[in-house]
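Numbering (our numbering), first residue to last: 860 to 1053.
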């Protein structure tokens, strides 16, 4: 399929609108998601760098979900622009077949599908693995650095944690009570961890 001047013109308008919409929508939704993660800084004592890393690792999932919506909105915008500028009438009068208008949109759809597929199959799994590892480190850092020796602390609803002392990277005299399931409370005791 060879693209002529008309196809490139329509593709330029649609692709520009799609990129602007994708960046705009992703930014707005990312900010709302990031505000939910402010607890990392305030409650868990992490740095702003960790905060941005955690929130940026969620971007591929946002982009994969928003890209088709941005494409749809860009298609509507482009067709509306062509119609309001009377370019559709001129194209019809010049003998351009109506189905020829679909070629640039079809090409943009293929590009978007490839982007979403790549995000879903490659980037998102790698990002989720990195996010899982980072959250594990954050929780370990929280337990080791924020919880003080000899203090009982409620971590989650119904989970109480205590350790007697810290020796290097190891925690000694560990006690943990899990009351999240009222029918099966559990108590864990360990002499050493780490």
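All C-beta atoms in this analysis are idealised placements derived from N, C-alpha and C, irrespective of residue type, glycine included.
Practice prompt. Between the Cα of residue 871 and those of 978, 943, 1049, 966, spot the shortest distance and give me the residue it belongs to.
Written response: Here residue 871 refers to the residue found at position 12 when the chain shown is read from its first residue. When only C-alpha atoms are compared, the closest one is 966.
Practice prompt. Would you identify the three-state DSSP class for residue 945, choosing helix, strand or coil?
Written response: Taking the first residue of the chain shown as 1, we reach residue 945 at position 86. The answer is coil: DSSP assigns residue 945 none of H, G, I, E or B.
Worksheet item: Where does residue 992 fall in DSSP's three states?
Response: Your numbering for residue 992 matches position 133 in the chain shown. Helix.
Worksheet item: With DSSP run on the structure shown, which of helix, strand or coil describes residue 1013?
Response: In the chain shown, the residue the question calls residue 1013 occupies position 154. Here residue 1013 sits in strand by DSSP.
Worksheet entry | Span separating the alpha-carbon of residue 1092 from that of residue 868 | Outside the displayed span of the chain (860 to 1053) sits residue 1092, for which this structure offers no information.
Worksheet item: How is residue 965 classed by DSSP in three states: helix, strand or coil?
Response: Counting from 1 along the chain shown, the entry for residue 965 is found at position 106. In this structure, residue 965 counts as helix in the three-state DSSP scheme.
Worksheet item: Hey, is the stretch 966-979 in contact with the stretch 916-928, meaning 3+ C-beta pairs nearer than 8 Å?
Response: yes
Discussion item. If the criterion is Cβ atoms closer than 7 Å, does the pair residue 912 and residue 873 meet it?
Written reply: The count along the chain shown starts at 1 and reaches residue 912 at position 53. The count along the chain shown starts at 1 and reaches residue 873 at position 14. Their beta carbons are not under 7 Å apart, which means residue 912 does not touch residue 873 by this criterion.
Worksheet item: For residue 1025, which three-state DSSP category applies?
Response: Taking the first residue of the chain shown as 1, we reach residue 1025 at position 166. Strand.
Worksheet entry | Contact belief for residue 893 with residue 914 at Cβ below 8 Å, rounded distance in angstroms | Taking the first residue of the chain shown as 1, we reach residue 893 at position 34. Taking the first residue of the chain shown as 1, we reach residue 914 at position 55. Yes, they are in contact, since the Cβ atoms of residue 893 and residue 914 sit about 4 Å apart, within 8 Å.
Worksheet item: In terms of alpha-carbon separation, which member of 933, 919, 941 lies closest to residue 880?
Response: Taking the chain shown and counting its residues from 1, the one referred to as residue 880 is at position 21. Out of 933, 919, 941, 933 has the C-alpha closest to the C-alpha of residue 880.
Worksheet item: Taking residue 1017 as the reference, which of 1033, 997, 1042, 863 has the closest Cα?
Response: Here the question's residue 1017 lines up with position 158 in the chain shown. The shortest Cα separation from residue 1017 among 1033, 997, 1042, 863 belongs to 1042.
Item to complete: Note down, in chain order, each residue of its chain lying with its Cβ closer than 6 Å to the Cβ of residue 1048, except the 5 sequence neighbours on either side.
Response: Numbered from its first residue, the chain shown carries residue 1048 at position 189. Counting only Cβ-Cβ distances below 6 Å, and skipping sequence neighbours, we find 1034.
Item to complete: Run the CB neighbour count on residue 948, radius 10 Å, all protein chains shown included, and call it buried at 16 or more, exposed below.
Response: Translated into the one-based positions of the chain shown, residue 948 becomes position 89. Residue 948 is exposed by the Cβ-count criterion.
Item to complete: Helix, strand or coil for residue 1049, going by three-state DSSP, please let me know.
Response: Along the chain shown, read from residue 1 onward, the residue named residue 1049 stands at position 190. Three-state DSSP puts residue 1049 in a strand.
Worksheet entry | Best match in 995, 996, 865, 1020 for proximity to residue 1006 [C-alpha to C-alpha] | The residue you call residue 1006 lines up with position 147 of the chain shown. Checking every option, the nearest Cα to that of residue 1006 belongs to 1020.
Worksheet item: Where residue 1025 and residue 877 are concerned, what is the direct C-alpha to C-alpha distance, given to the nearest angstrom?
Response: One-based indexing of the chain shown puts residue 1025 at position 166. One-based indexing of the chain shown puts residue 877 at position 18. Using only the alpha carbons, I get a separation of about 54 Å.
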